[in-house]
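For the sequence shown, full-length UniProt numbering begins at 1 and goes up steadily by one.
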Amino acid sequence: MAGEHQETHSFQAEVSQLLHLMIHSLYSSKEIFLRELISNGADAADKLRFEAISDEALWEGDEELCVEVDYDPEARTVSVADNGIGMSRDDVVENIGTIARSGTRAFVDQLTGDQARDAELIGQFGVGFYSAFIVADRVTVESRRAGMGAEHGVRWESDGEGEYTLDNITRLERGTRITLHLREGEDEFLEDMRLRHIIRTWSDHIGLPIRMPKQGEEGPDRNEWETVNQASALWTRPRNEIGEEEYKGFYKHVAHDFEDPLTWIHARVEGKLEYTLLLYLPQRAPFDLWDREQRHGLKLYVRRVFILEDSEQLLPHYLRFVRGVVDSADLPLNVSREILQSSKVTESIRAGAVKRVLDRLESMAKDEPENYATFWSQFGPVMKEGPGEDTANKERLAGLMRFASTHGEGAEQTVSLEDYIQRMPEGQQSIYYITAESHAAAAASPHLEVFRKKGVEVLLLSDRVDEWLMAHLTEYKEIPFVSVAKGDIDLSGLGDDDTDEAQEKEEAQQRLGEVGERVEKVLEGQVKGVRASHRLTTSPACLVADENALSANLERMLKAAGQEVPQTPPWLELNPDHPLVQRLADEPEGKRFEDWTHVLFDQAVLAEGGQLEEPAGFVGRLNALLMELQSGGNQAGDRQ
Numbered sequence: 001m002a003g004e005h006q007e008t009h010s011f012q013a014e015v016s017q018l019l020h021l022m023i024h025s026l027y028s029s030k031e032i033f034l035r036e037l038i039s040n041g042a043d044a045a046d047k048l049r050f051e052a053i054s055d056e057a058l059w060e061g062d063e064e065l066c067v068e069v070d071y072d073p074e075a076r077t078v079s080v081a082d083n084g085i086g087m088s089r090d091d092v093v094e095n096i097g098t099i100a101r102s103g104t105r106a107f108v109d110q111l112t113g114d115q116a117r118d119a120e121l122i123g124q125f126g127v128g129f130y131s132a133f134i135v136a137d138r139v140t141v142e143s144r145r146a147g148m149g150a151e152h153g154v155r156w157e158s159d160g161e162g163e164y165t166l167d168n169i170t171r172l173e174r175g176t177r178i179t180l181h182l183r184e185g186e187d188e189f190l191e192d193m194r195l196r197h198i199i200r201t202w203s204d205h206i207g208l209p210i211r212m213p214k215q216g217e218e219g220p221d222r223n224e225w226e227t228v229n230q231a232s233a234l235w236t237r238p239r240n241e242i243g244e245e246e247y248k249g250f251y252k253h254v255a256h257d258f259e260d261p262l263t264w265i266h267a268r269v270e271g272k273l274e275y276t277l278l279l280y281l282p283q284r285a286p287f288d289l290w291d292r293e294q295r296h297g298l299k300l301y302v303r304r305v306f307i308l309e310d311s312e313q314l315l316p317h318y319l320r321f322v323r324g325v326v327d328s329a330d331l332p333l334n335v336s337r338e339i340l341q342s343s344k345v346t347e348s349i350r351a352g353a354v355k356r357v358l359d360r361l362e363s364m365a366k367d368e369p370e371n372y373a374t375f376w377s378q379f380g381p382v383m384k385e386g387p388g389e390d391t392a393n394k395e396r397l398a399g400l401m402r403f404a405s406t407h408g409e410g411a412e413q414t415v416s417l418e419d420y421i422q423r424m425p426e427g428q429q430s431i432y433y434i435t436a437e438s439h440a441a442a443a444a445s446p447h448l449e450v451f452r453k454k455g456v457e458v459l460l461l462s463d464r465v466d467e468w469l470m471a472h473l474t475e476y477k478e479i480p481f482v483s484v485a486k487g488d489i490d491l492s493g494l495g496d497d498d499t500d501e502a503q504e505k506e507e508a509q510q511r512l513g514e515v516g517e518r519v520e521k522v523l524e525g526q527v528k529g530v531r532a533s534h535r536l537t538t539s540p541a542c543l544v545a546d547e548n549a550l551s552a553n554l555e556r557m558l559k560a561a562g563q564e565v566p567q568t569p570p571w572l573e574l575n576p577d578h579p580l581v582q583r584l585a586d587e588p589e590g591k592r593f594e595d596w597t598h599v600l601f602d603q604a605v606l607a608e609g610g611q612l613e614e615p616a617g618f619v620g621r622l623n624a625l626l627m628e629l630q631s632g633g634n635q636a637g638d639r640q
């Protein structure tokens, strides 16, 4: 009986904060409340249809699924009702009292109070049920889960200010009814034509009937209901019958996004297998794109029957930002995630979906460079996971990559590998790159000095995923990738002069002389060896990893993640023509020679973006040497 089990609860803190910001940030788009509530009703119908496959009793004698929208000008209420799966008392607490989505805290932390920016973020998150409070100062939800007795009905009510009440009720109908008690000034939503216009604008694509009372001479006739929308699954209709706004509207429904999509792919495949794809690329990366616990995937339908919400088996993980639906005629209605994982049908659909997405990206990169630049700025780091995950499409994915390079100015100026290859000077046999923690660190690396001198372009990689990428992307069109910070780089035949590279290295080693051996002795255990550098033109020293060793940047990333890193000391390369190295060669054995050596080594570590093991020691040695130079000790300043 109503009232016997009434309880009062407080909202989860994130819900209260979200409600407050949403009401103020989304007020200019307040009509979306109806779209969101209808979308939820359609999802509830999909879930019932799926669960009833294995338990027909859930239909309770009523298989005609629909969403009904009604209004009462005297009571100043708008209601949205569905006869879908419904909710139990526990379902209501979980789905309405809390935001049952991983990453909620991280999402709320991004909200700033700036209405325009927060509206975009909230749109990415998908406000769903809570949008009701944009126009209502009190919301009542009455629901009963299909298959449960009438006595298991539940009523939820709140003014959105921090608390809600729960009460058991007797409810004969399965499904959910949401009643909005409108705020003052929201009378426009009590007009029949206004509600019908909103439904046709935002929910025409919904694949089940959305009904309203038929208008009679004396107002709405609740004995006779009529369908307001087209009530056919959008993806099943021919493309030439679907308008651009319908495509955009369906995206907002399926992706719970407020923004229009960047582009979409609608294809019907027939032959050995029959399936339909309607895939969307968003304009903006969702806030939970990097959340490992969050499921990302497509909605799966089998012969228009909804089966699974986030079917990650239908696309590889690096395309997890793609939204949309797949409707198959060949999968069984009782298909599970486990069956999907090993199904040959799934493999074929997955391969077809990937091909369609890559085809669209390639055409966008060629014909719509501005749109592609937008896409890459949002999803580039995710796409870089592809070559390690999808070896069959490695070459195509490499062609879609965009990188900062020494050819452009700033991290936002990117080049394709095709651009890079076209600019390669005669004699260049490799694609050169460097990885670093930031674009600025990569661009300032001393390893680039000889490449700039010879006019050889270098790719500047600073995304965290770039180390993973280059471990799997070893060549493009049979041209190998080579790190400028590893191994003994051979640049013979490049540049304006015809200097013999081997002879130049030998002469540099001779100019370095025995000071290399003396430095190596001081740094024993910290470096693999000391040699003359042909990389450097203006810097005194740099560290170089062996060709097959971990890069310095990857070592830092692994250590920061708490991983044990094998000790592989780098080479220290010295520029024999630099005044500091020449000054070091003139220095006799002793403490000051050791101090100079350690200072040069520590500078090389810092230039790599690394951290010093003894920062205080570096500062002390540097200060001591500067004081000596200032005081003219041993005429150091004159020789410098």
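Cβ atoms here follow ideal geometry from the backbone N, Cα and C, with glycine treated the same way.
Option nearest residue i by Cα separation, candidates the options
i: I431; options: S416, S343, L65; result: S416
i: residue 663; options: V93, E437, I307; result: The requested residue 663 is not part of the displayed model; the chain covers only 1 to 640.
i: A351; options: N393, R337, Q630; result: N393
i: L277; options: R268, D55, R284; result: R268
i: T597; options: E555, G610, V527; result: V527
i: T346; options: G324, N371, Q313, F133; result: Q313
i: R424; options: E409, V458, A440, E395; result: The displayed chain sequence assigns Met, not Arg, to residue 424. Answer by Cα proximity: V458.
i: V565; options: A485, L574, E555; result: E555
i: Q611; options: E437, R592, G620, E514; result: E437
i: G128; options: R196, P73, F189, L37; result: L37
i: E478; options: A398, S143, E31; result: A398
i: R511; options: D577, Q567, A552, S551; result: D577
i: S203; options: H407, R35, L600, G620; result: R35
i: I32; options: A75, E51, A136; result: A136
Contact set for residue i: own chain, Cβ-Cβ below 6 angstroms, skip 5 residues either direction
i: T179; result: T77, S79, T140
i: G84; result: A44, A45, L48, G175
i: T227; result: P209, R211
i: residue 643; result: In the structure as shown, the chain begins at 1 and stops at 640. Residue 643 is therefore absent and cannot be evaluated.
i: F451; result: V458
Close Cβ partners of residue i (< 8 angstroms) along its chain, the five nearest in sequence each way excluded
i: H464; result: For the record, residue 464 in the displayed sequence is Arg; it is not His. So the list reads P381, M557, once near-sequence residues are dropped.
i: E151; result: N168, T170
i: D221; result: P213, K214, Q215
i: M470; result: Y433, T435, L461, F481, S483
i: A231; result: I206, G207, L208, P209, I210
i: K55; result: In the sequence as displayed, the identity of residue 55 is Asp instead of Lys. Cβ within range, chain order: G147.
i: R356; result: I265, A267, L277, L279
i: E418; result: G399
Straight-line gap, residue i to residue j (C-alpha atoms, nearest Å)
i: L169; j: N223; result: Here residue 169 turns out to be Ile, not Leu, going by the sequence shown. Rounded to the nearest angstrom, the two C-alpha atoms are 25 angstroms apart.
i: L300; j: R171; result: 32 angstroms
i: Q429; j: A442; result: 22 angstroms
i: H534; j: E507; result: 10 angstroms
i: P579; j: F379; result: 46 angstroms
i: A81; j: V69; result: 7 angstroms
i: I434; j: C542; result: 14 angstroms
i: S311; j: P282; result: 18 angstroms
i: H439; j: E385; result: 19 angstroms
i: A57; j: L48; result: 11 angstroms
i: D159; j: L606; result: 57 angstroms
i: P207; j: W235; result: A small correction: the amino acid at residue 207 is Gly; Pro does not occupy that position in the sequence shown. If I take the Cα positions, the gap works out to 9 angstroms.
i: E594; j: V522; result: 6 angstroms
i: E309; j: V154; result: 25 angstroms
i: A255; j: Y280; result: 9 angstroms
i: M1; j: E63; result: Since pLDDT at M1 reaches only 49, below the 50 mark, its modelled position is unreliable, and no value is offered.
i: E389; j: L315; result: 11 angstroms
i: G324; j: S342; result: 22 angstroms
i: E412; j: A545; result: 28 angstroms
i: S371; j: V92; result: The question names Ser, yet the displayed sequence has Asn at residue 371. Each residue's Cα considered, the two are about 42 angstroms apart.
i: A100; j: E520; result: Per-residue confidence for A100 stands at a pLDDT of 40, beneath the threshold of 50, marking its modelled position as unreliable; no derived number is given.
Residues near residue i by beta carbon distance below 7 angstroms, same chain, minus five either side
i: Y247; result: W264
i: E449; result: R535, L536, T537, T538, S539
Any non-hydrogen atom of the ligand ATP within 7 angstroms of residue i CB
i: A585; result: Although the ligand ATP was asked about, the structure shown includes no ligands whatsoever.
Segments of 4+ residues assigned as alpha helix (DSSP H) that fall wholly inside the segment 314 to 388: 337 to 342, 344 to 367, 369 to 383
At least three beta-carbon pairs within less than 8 angstroms, the segment 327 to 336 to the segment 364 to 378: no
Any beta strand (DSSP E) of 3 or more consecutive residues that is wholly inside the segment 159 to 234: 163 to 169, 175 to 182, 210 to 216, 219 to 227
The segment 256 to 266 contacting the segment 356 to 365, beta-carbon criterion three pairs below 8 angstroms: yes
Within the segment 393 to 459, ranges of the beta strand (DSSP E) (whole runs, at least 3 residues): 403 to 405, 431 to 435
Uninterrupted beta strand (DSSP E) stretches inside the segment 524 to 585 (no shorter than 3 residues): 529 to 532, 541 to 544, 571 to 574
Contiguous alpha helix (DSSP H) assignments of at least 4 residues, all confined to the segment 230 to 292: 244 to 255
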